[in-house]
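In this text, residue positions in the sequence shown follow the working numbering: the first is 973, and each later residue adds one. Worksheet: the structure to be examined is printed underneath.
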Amino acid sequence: MYDFPEVQDSTQKLLVALVGALESCNETAHVLTPDSSVHAELMKMWSSTDMVLSQSCGLPFMEELHHFVNVIGTPLWTDVSDERGRYRTVIVAREALGISSIAEVQGMRPVVSNTQSLSGWCSLGVALSEVTTDPTFVQTITQSGGHAKSLQMLQDNKADIASIDAATFRLLGRHRPALTNNMRIIARGPLVPATPFIVSKNCGASTDEVRQAVEEVFERQSLREALDQIGISGFVRLANSDYDGVMDLVKTAEVVLPRK
């Protein structure tokens, strides 16, 4: 989910290690990079019987993917996650707008990565719900297709506010500061489990076996430099039930930031 070109070498080292972890569970696998970041295409990949291990967003997991996969855990993001693997998105606006809180965004133009995103759409809706129940409080949402694209729309004055995955914002701040410069954090989203690692229910190995093997990968000293480059400080075990609260957040977000 965070395979930016700037950290691709480190990501590849992690992926190779994860393939080895699956092989240690007697599960044959190889790395497949999605051809598209379009949600519908990702859903096809995540739910495919050929998929063994991947990383998804928590919202599509709860809305549909739980029929096909199980959660095994999530990375701990340096300076972002808490010890239980939870984080909050950053709600940002251009500094030039001169606002400092979510209560000041009335009439502004929100952009979301997509409407199936826990970080991009749902977290923004929940943040707005703290100050209003009016679905016309902000203008109709625009979908950008990704967090980096949302930030570019803010920079280009094509939108005013966005909710950005905090790990992504940190990575972009380091590698593409032109996207994060002159942005002001005006609020944060709800505390939610970060993007989960998921294993197919068709996997020959048990969920617990894969969870143990993946956890061991993140503990390897030989991968420490690569993980530091990505911004990962560890791994925490999670289960499907850790995402149960997501659907209540969706109901809250739908009131203020309707998807349709």
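C-beta atoms are modelled at their ideal positions from N, C-alpha and C, and glycine is treated no differently.
Contact defined as beta carbons within less than 8 angstroms: I believe residue i pairs with residue j. What is the distance between those atoms, to the nearest angstrom?
i	j	result
Ala1012	Trp1093	Contact flag wrong, Cβ pair sits at about 16 angstroms.
Phe1040	Ser1008	Actually they do not touch by this definition, with Cβ atoms about 19 angstroms apart.
Thr1061	Arg1160	7 angstroms
Leu1096	Val1218	With 8 angstroms as the limit, Leu1096 and Val1218 do not qualify as a contact, their Cβ atoms being about 14 angstroms apart.
Ala1131	Leu1151	Rounded, the Cβ-Cβ distance is 13 angstroms, inconsistent with contact.
Can you give me the start and stop residues for the beta strand (DSSP E) that residue i sits inside?
i	result
Leu1229	That residue, Leu1229, is in no beta strand (DSSP E); it is neither H nor E in DSSP.
Arg1142	No beta strand (DSSP E) contains Arg1142, which is instead part of the alpha helix (DSSP H) from 1138-1147.
Ile1202	Per DSSP, Ile1202 belongs to no beta strand (DSSP E); it is in the alpha helix (DSSP H), 1196-1202.
Phe1109	Neither: Phe1109 is in no beta strand (DSSP E) and is coded neither H nor E.
Met1155	1155-1160
Val1083	1082-1084
Ile1170	1169-1172
Ile1074	Neither: Ile1074 is in no beta strand (DSSP E) and is coded neither H nor E.
Ala1065	1062-1066
Could you check which residue in the options has the C-alpha nearest to that of residue i?
i	options	result
Ile1170	Glu1076, Met1017, Asp981, Glu1055	Met1017
Ser1194	Leu1090, Val988, Tyr974	Val988
Pro1230	Gln1115, Thr1005, Val1208	Gln1115
Leu1100	Lys1130, Ala1198, Gly1079, Ile1044	Gly1079
Lys985	Tyr1215, Gly1206, Gln1201, Val1222	Gln1201
Asn1174	Arg1209, Glu978, Val979, Leu1025	Leu1025
Val1110	Asp1128, Gln1127, Ala1134	Ala1134
Leu1221	Ala1120, Glu1102, Pro977, Ser1028	Glu1102
Pro1082	Ser1091, Asp975, Gly1070, Ile1113	Ile1113
Ile1044	Lys1232, Val1208, Asp1216	Val1208
Leu1004	Ser1072, Ile1071, Asp975	Asp975
Glu1055	Asn1129, Ser1205, Lys1232, Thr1105	Ser1205
Gly1070	Val979, Glu1197, Leu1210, Ile1158	Ile1158
Asn1212	Gly1203, Asp1022, Asn1153, Phe1033	Phe1033
Return the first residue and the last residue of the alpha helix (DSSP H) that residue i is part of.
i	result
Gly1190	In the sequence as displayed, the identity of residue 1190 is Phe instead of Gly. Where Phe1190 is concerned, the enclosing alpha helix (DSSP H) stretches over 1179-1190.
Val1098	1095-1101
Met1125	1119-1127
Are there any heavy atoms of the ligand ATP lying less than 7 angstroms away from the beta-carbon of residue i, as far as the coordinates show?
i	result
Ile1202	The ligand content of the structure shown is nil, which means the ligand ATP is not present either.
Quiz prompt | Contained alpha helix (DSSP H) runs [length at least 4] in the region 981-1057, N- to C-terminal order | solution = 1011-1019, 1030-1035
Quiz item: Are there three or more Cβ pairs, one per stretch, closer than 8 angstroms when the region 1160-1167 is compared with the region 1039-1053?
Solution: The region 1160-1167 makes contact with the region 1039-1053; the number of CB pairs closer than 8 angstroms reaches 3 or more.
Quiz item: Do the region 992-1002 and the region 1134-1142 touch if we need at least three Cβ pairs shorter than 8 angstroms?
Solution: no
Practice problem: Determine, using beta-carbon pairs with one atom in the region 1062-1076 and one in the region 1180-1199, whether at least three such pairs fall under 8 angstroms. | Solution: no
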